[in-house]
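Structure record follows, encoded as structure tokens.
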Amino acid sequence: MTLDLRLLVAFIAVAETENVGQAASRLHISQSPLSRQIIQLEAQLGLRLFERVRQRMRLTDEGRLFHQEARSLVAHASEVEAAARSIALGETGHIAVGYVEAAMHSNVLPRALAGLQSGHQAATFELRPMGSSEQSEALLGRSLDFGLVYSVPESADIESMEVSSEALLLVLGKRHAMATQASIAPQDLNGERWVALARSKNPAARQRFLENCSACGFLPDIKVEADDLLAALRLVASGLGITFVQASLRNFLADSVIFRELPWFPSRVRVYAIWRKGDPKPLVATLRQALLAA
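Numbering-wise, this note's numbering comes out as the position in the sequence shown, counting from 1, plus 6.
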């Protein structure tokens, strides 16, 4: 037996007002269809729910018991409807989000998530530090819903947008000979020992970096490879070489290293958001909008 929710709502209104006219007014319908709904419900249940006492509609013993169940069912249905509406608006749900270091250091991802905090308290974001190519594979394999990467994969099944772009700063140890130079030219960097992120982290970025260095007139002598940017900064602070980092890291280890702007160097650190084309999850679109606003 399937109960029509409208019949339950009609029954509750009559039970609470004890008057068909008042119940009809509450429901914004006329009395005749409301009376028919009560008769239909009683017939469907095989129960007498009301008895007329002095022009009032009083619940029978069976009606009182059913009233408790009906209220619970209607309340649950309202909760389910609200939950579905929240999911449709991207206010709740769960998505797995991959990210590269720069998405955190630039604050673009933390800012976006903070912006969602007040209106999306029921939403959960599973954050996974991953390389760009690893994210692309996971996205296509559907073990990831959203990614923040350095390079966009060539796939018709993935859509993207740029979410941040930062200039690179040269980083020198405080005791380095160039630390006090008024300006640094490309030829000053020839013969210098360099610390760089491991090529395996982003082969395409390494190649672009080398090409830009060559175009500017110097070739970095990479002696040490670091697994992450903060490790690279510590290695520079220890005198193991010089490096480039994104501008948002200029306050890290500021007591141990010197950050210098090089207007002539064209490379930038760009971060792109990627997601599956046509992904139906509303929370994916919600995060996308939050990143645009961040």
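Beta carbons are placed, not taken as given, at the ideal position from N, Cα and C, and that holds for glycine. As the structure is a prediction and not an experimental result, all values here were calculated from the model.
* For Tyr105, which beta-bridge partners are listed by DSSP? -> Counting from 1 along the sequence shown, the entry for residue 105 is found at position 99. Paired residues: Pro135, Leu154.
* Between the Cα of Ala6 and the Cα atoms of Leu178, Ile264, Ser139, Leu225, which residue gives the shortest distance? -> This structure does not reach residue 6, given that the chain is present from 7 up to 300, and the question cannot be answered.
* So, helix, strand or coil for Lys207, using DSSP? -> The residue you call residue 207 lines up with position 201 of the sequence shown. In the three-state reduction of the DSSP assignment, Lys207 falls in the helix class.
* Asked: Are Leu246 and Val201 close, meaning C-beta to C-beta below 7 Å?
  -> Residue mapping note: residue 246 aligns to position 240 of the sequence shown, counting from 1. Residue mapping note: residue 201 aligns to position 195 of the sequence shown, counting from 1. Yes.
* To do: Look at the Cβ atom of Lys207, then the Cβ atom of Ile264, and state whether they are nearer than 7 Å.
  => Position 201 of the sequence shown, counting from 1, holds the residue named residue 207. Position 258 of the sequence shown, counting from 1, holds the residue named residue 264. Against a cut-off of 7 Å, the Cβ pair of Ile264 and Lys207 comes out as no contact.
* Asked: Does the distance from the C-beta atom of His109 to that of Glu132 stay below 7 Å?
  -> Taking the sequence shown and counting its residues from 1, the one referred to as residue 109 is at position 103. Taking the sequence shown and counting its residues from 1, the one referred to as residue 132 is at position 126. The identity of residue 109 in the sequence shown is Ala, whereas the question assumes His. Note that the C-beta distance between Ala109 and Glu132 is not below 7 Å.
* Asked: Tell me the DSSP bridge mates of Asp227?
  -> Walking along the sequence shown from the start, residue 227 turns up at place 221. Its beta-bridge partners are Arg199.
* Hey, is the segment 233-246 in contact with the segment 158-175, meaning 3+ C-beta pairs nearer than 8 Å? -> Flag = no, the segment 233-246 and the segment 158-175 do not touch.
* **Residue burial classification, Trp6 (beta-carbon count within 10 angstroms, cutoff 16)** => With the chain covering 7 to 300 only, the question about residue 6 has no answer from this structure.
* Give the single residue among Arg60, Arg62, Ser84, Leu71 whose Cα lies nearest to the Cα of Arg12. => One-based indexing of the sequence shown puts residue 12 at position 6. Between Arg12 and the set Arg60, Arg62, Ser84, Leu71, the nearest pair of CA atoms involves Ser84.
* Could you spell out where the alpha helix (DSSP H) holding Glu48 opens and where it closes? => The sequence position of residue 48 within the sequence shown is 42, counting from 1. Its alpha helix (DSSP H) spans residues 37-51.
* Residue environment, Gly69, which counts as buried when at least 16 other CB atoms sit within 10 Å -> As a working note, residue 69 is residue 63 in the sequence shown. Here Gly69 is buried. Its C-beta has 16 or more other C-beta atoms within 10 Å.
* **Leu255 versus Gln213 - alpha carbon distance** => Indexing the sequence shown from 1 puts residue 255 at position 249. Indexing the sequence shown from 1 puts residue 213 at position 207. CA-to-CA, the gap between Leu255 and Gln213 works out to about 22 Å.
* Considering only C-alpha positions, which residue in the set Leu71, Asp151, Ala188 is nearest to Leu268? -> By 1-based counting over the sequence shown, the position of residue 268 is 262. If we check each option's Cα against that of Leu268, Ala188 comes out closest.
* Asked: Under 7 Å, do Asn196 and Phe224 count as touching if we go by C-beta distance?
  -> In the sequence shown, residue 196 corresponds to position 190, counting from 1. In the sequence shown, residue 224 corresponds to position 218, counting from 1. Against a cut-off of 7 Å, the Cβ pair of Phe224 and Asn196 comes out as a contact.
* Three-state secondary structure assigned by DSSP to Ser142 -> If you number the sequence shown from 1, residue 142 lands on position 136. Ser142 falls in the helix class under three-state DSSP.
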